Amino acid sequence: MSSERATDVQEFIRLLTTAISNSILYSPDHQQVTRLCSTAYQKLISALGSDQELTLLLIDDELIYNKQPLPYSMYNNRFCQALKSRGISHLRLLQPITQNDLAILIKTIGSSISSDEETRSLANIRFGKVAIKQTPDENERAVSEARIRSLSDVPVEELVTFMEIYDEARNNKRINIVGITEIVSCFIGTFKQVADPLLALAPLRAMDEYTFTHSTNVCILNIAQAMSLGIDGPLLNDIGVAAMLHDIGKLYVPEEILTKTGKLDDREWELIRQHPAKGAQRLLDTPGVPRLSVVTAYEHHLKYNLTGYPRVADGWQQSLCSHMTTISDVFDALRTKRSYRDSLEHSEIATIMLELAGTDLHPELTRNFLRIIGRLSEQQSVEGLEQLRSSPVEKAPL
3 MSSERATDVQ EFIRLLTTAI SNSILYSPDH QQVTRLCSTA YQKLISALGS
53 DQELTLLLID DELIYNKQPL PYSMYNNRFC QALKSRGISH LRLLQPITQN
103 DLAILIKTIG SSISSDEETR SLANIRFGKV AIKQTPDENE RAVSEARIRS
153 LSDVPVEELV TFMEIYDEAR NNKRINIVGI TEIVSCFIGT FKQVADPLLA
203 LAPLRAMDEY TFTHSTNVCI LNIAQAMSLG IDGPLLNDIG VAAMLHDIGK
253 LYVPEEILTK TGKLDDREWE LIRQHPAKGA QRLLDTPGVP RLSVVTAYEH
303 HLKYNLTGYP RVADGWQQSL CSHMTTISDV FDALRTKRSY RDSLEHSEIA
353 TIMLELAGTD LHPELTRNFL RIIGRLSEQQ SVEGLEQLRS SPVEKAPL
């Protein structure tokens, strides 16, 4: 297998996996899916060359091409999980395959409901299915666990992508908003199949991963909150992107201040307090960044009662996304081990957050959040949601 052919195959899988994620996020007919499908098809034709077929085998969570395992990557792993979730053990793509065939493949794998009807082979696409005898509950649990693993594997390749984006931003280069959007699209595509958002939170493996891990966790928690309110489609993606970029202003704070274990002096605190406004300005100056990301970066430390920073006019109406980001931010900070304390148990976190509800945190959204992580009684949850439905926050600008 030539290195050029192997590169084409891996690029085809990357584009195909991203197209599948976008088909789940938007719809199989969305223009973004169509564009990715077209590019993936061109790469597939290049990978096929003069061959009449391209075969991918799934063996022990590895993709095998031309009798050799493909190297681990985030996209290869997610494609493996997508195939496993549908019981597919091998995939044959035969000439003369068309772009329409590939679109059907994307729709089939991206569909949330698995059945023999949906995975029926086409003339130019042949599926081989794994014969696994499981009860419906066992099968659903196995699929869910596989998808959870694919989220927990994120800090491997996406860490590199995210840190490259931040390094470019730190060096005053243009922020790669397409890269951020792609990361969030993959999150949403996988996360839609995960019942418990806590299982998807990435473990903190090293201090130099904190920026990525925290942004990732806030993104996941924002997605969970937004989905619980019925938000979907492009707006859901924008809320995820806003979460990933909410702390971009910390690039302007010296690292020694961010990692300082002792008490900050007045000058250091002032630098910290400037990061929301500086982050918002940086995003505002970047073409293609959703307006919601600018607003969220500016507002995520305002607090519900506007006693936070930066200072704003009385009666300032925060966006729904900013309120959700503040809640996710506080939760992840409390569950993270710090130099001066251990990470807190969920019951302790729930108690603290309820105490902050109405002052630092939006009260109804906080109750809804705690319902999501299962720390409020069913009665409290219903009361919180009823208040939320009648609350003016629904009319808050996004």
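In the working numbering, the protein residues as written are 3 to 400. Using N, Cα and C, we set each Cβ at its ideal position, and we do this for glycine too. Just so it is clear, the structure is predicted and the values come from calculations on it, not from any experiment.
Pick from the options that is closest to residue i, judged by C-alpha positions
{"i": "Glu6", "options": "Lys109, Ser187, Ala359 and Leu50", "result": "Leu50"}
{"i": "Glu55", "options": "Arg94, Ala244 and Pro30", "result": "Arg94"}
{"i": "Leu107", "options": "Leu308, Val35, Leu253 and Asp267", "result": "Val35"}
{"i": "Ile350", "options": "His364, Val332, Pro365 and Leu260", "result": "Note on identity: in this sequence residue 350 is Glu, with Ile being the wrong assignment. Of the candidates His364, Val332, Pro365 and Leu260, the one whose C-alpha sits nearest the C-alpha of Glu350 is Val332."}
{"i": "Trp318", "options": "Arg337, Ala21, Val297 and Phe371", "result": "Val297"}
{"i": "Gln12", "options": "Lys45, Ser25 and Ile22", "result": "Lys45"}
{"i": "Ser113", "options": "Asn24, Val255 and Asp362", "result": "Asn24"}
{"i": "Arg337", "options": "Ser324, Thr353, Cys323 and Ala282", "result": "Thr353"}
{"i": "Thr41", "options": "Pro236, Ala105, Val291 and Leu237", "result": "Ala105"}
{"i": "Gln101", "options": "Glu357, Leu65 and Arg37", "result": "Arg37"}
{"i": "Lys215", "options": "Leu237, Ile185 and Ile241", "result": "It is worth fixing the name first, because residue 215 is Thr in this sequence and not Lys. For the residues Leu237, Ile185 and Ile241, the minimum Cα distance to Thr215 belongs to Ile185."}
{"i": "Ser52", "options": "Ser321, Pro98 and Ala21", "result": "Pro98"}
{"i": "His325", "options": "Phe371, Thr9 and Leu346", "result": "Phe371"}
{"i": "Asp26", "options": "Ile111, Asp267 and Val255", "result": "Asp is not the amino acid found at residue 26; the sequence shown has Ile there. Ile26 has its Cα closest to that of Ile111, out of Ile111, Asp267 and Val255."}
{"i": "Arg373", "options": "Pro292, Asp268, Thr288 and Ala226", "result": "Ala226"}
{"i": "Asn68", "options": "Lys175, Thr9 and Ala21", "result": "Thr9"}
{"i": "Ile47", "options": "Leu266, Leu65, Asp103 and Ile66", "result": "Asp103"}
{"i": "Asp334", "options": "Asn173, Tyr74, Ile222 and Leu65", "result": "Ile222"}
{"i": "Thr288", "options": "Asn174, Ala21, Leu72 and Pro73", "result": "Asn174"}
{"i": "Pro292", "options": "Leu266, Lys265 and Pro236", "result": "Pro236"}
Host beta strand (DSSP E) of residue i (start-end)
{"i": "Glu55", "result": "Glu55 to Ile61"}
{"i": "His325", "result": "No beta strand (DSSP E) contains His325, which is instead part of the alpha helix (DSSP H) from Leu322 to Arg337."}
{"i": "Ile354", "result": "No beta strand (DSSP E) contains Ile354, which is instead part of the alpha helix (DSSP H) from His348 to Leu358."}
{"i": "Leu85", "result": "Leu85 -> not in any beta strand (DSSP E); alpha helix (DSSP H) instead, spanning Met76 to Ser87."}
{"i": "Leu96", "result": "Ile90 to Leu96"}
Pair within 8 Å by beta-carbon distance, residue i and residue j
{"i": "Ala299", "j": "His248", "result": "yes"}
{"i": "Arg88", "j": "Thr19", "result": "no"}
{"i": "His32", "j": "Leu60", "result": "no"}
{"i": "Val85", "j": "Asn126", "result": "Here the sequence assigns Leu to residue 85, which means Val is not the residue at that position. Not a contact, by the Cβ cut-off of 8 Å."}
{"i": "Ala245", "j": "Ser330", "result": "yes"}
{"i": "Gly181", "j": "Ile167", "result": "yes"}
{"i": "Asp63", "j": "Cys39", "result": "no"}
{"i": "Cys323", "j": "Leu286", "result": "no"}
{"i": "Glu272", "j": "Ile259", "result": "no"}
{"i": "Thr327", "j": "Asn224", "result": "yes"}
{"i": "Met355", "j": "Leu346", "result": "no"}
Check: residue i C-beta below 7 Å from any heavy atom of the ligand HEM
{"i": "Ile179", "result": "Of ligands this structure carries none, so the ligand HEM is not represented either."}
Segment limits, alpha helix (DSSP H) that includes residue i
{"i": "Tyr300", "result": "Arg293 to Glu301"}
{"i": "Ile66", "result": "Looking at the DSSP string, Ile66 is not in any alpha helix (DSSP H); the run it does join, the beta strand (DSSP E), is Glu64 to Tyr67."}
{"i": "Ser48", "result": "Gln33 to Leu50"}
{"i": "Gln283", "result": "Asp268 to Leu286"}
{"i": "Lys109", "result": "Gln101 to Gly112"}
{"i": "Pro236", "result": "Gly235 to Leu247"}
{"i": "Arg369", "result": "Pro365 to Ile374"}
{"i": "Gly124", "result": "Before going further, note that residue 124 is Leu rather than Gly in the sequence given. Taken as a continuous stretch (DSSP letters only), Leu124 belongs to no alpha helix (DSSP H), as it is neither H nor E."}
{"i": "Leu260", "result": "Glu257 to Leu260"}
Cut-off 8 Å between Cβ atoms - residues of its own chain near residue i, not counting five sequence neighbours on either side
{"i": "Thr1", "result": "Since the first and last residues shown for the chain are 3 and 400, residue 1 lies out of range."}
{"i": "Ala171", "result": "Ile177, Ile250, Leu253 and Arg284"}
{"i": "Glu140", "result": "Here the model assigns Glu140 a pLDDT of 44, short of 50, so the residue's position is not dependable and the matter cannot be decided."}
{"i": "Glu257", "result": "none"}
{"i": "Gly290", "result": "Ile179 and Val180"}
{"i": "Asp316", "result": "Leu308"}
{"i": "Leu266", "result": "Ile259 and Ile274"}
{"i": "Leu72", "result": "Ala8, Val11, Gln12, Ile15, Glu64, Leu65, Ile66 and Asn78"}
{"i": "Ser217", "result": "Phe164, Ala245, Met246, Leu247, His248 and Asp249"}
Cβ shell of residue i (< 7 Å), same chain only, five flanking positions each side left out
{"i": "Phe129", "result": "Ile90, Leu93, Thr121 and Ser123"}
{"i": "His303", "result": "Pro278, Gly310 and Tyr311"}
{"i": "Tyr77", "result": "Ile15, Arg16 and Thr19"}
{"i": "Tyr43", "result": "Gln101 and Leu104"}
{"i": "Ala21", "result": "Val35, Leu38, Cys39, Ala42 and Ile108"}
Contacts around residue i, its chain only, beta-carbon distance under 6 Å, and the 5 residues preceding and following it disregarded
{"i": "Asn307", "result": "Thr361"}
{"i": "Cys188", "result": "Ser23"}
{"i": "Thr57", "result": "Arg94"}
{"i": "Pro30", "result": "Lys109"}
{"i": "Gly281", "result": "Ile250, Gly251 and Ala299"}
{"i": "Ile241", "result": "Asn224, Ala228 and Cys323"}
{"i": "Ala359", "result": "Pro365 and Thr368"}
{"i": "Glu357", "result": "none"}
Segment contact flag, the segment 267-282 with the segment 240-258, C-beta cutoff 8 Å, min 3 pairs: Under the three-pair Cβ rule at 8 Å, the segment 267-282 counts as touching the segment 240-258.
Report yes or no: do three or more beta-carbon pairs, one from the segment 224-237 and one from the segment 309-318, lie closer than 8 Å? no
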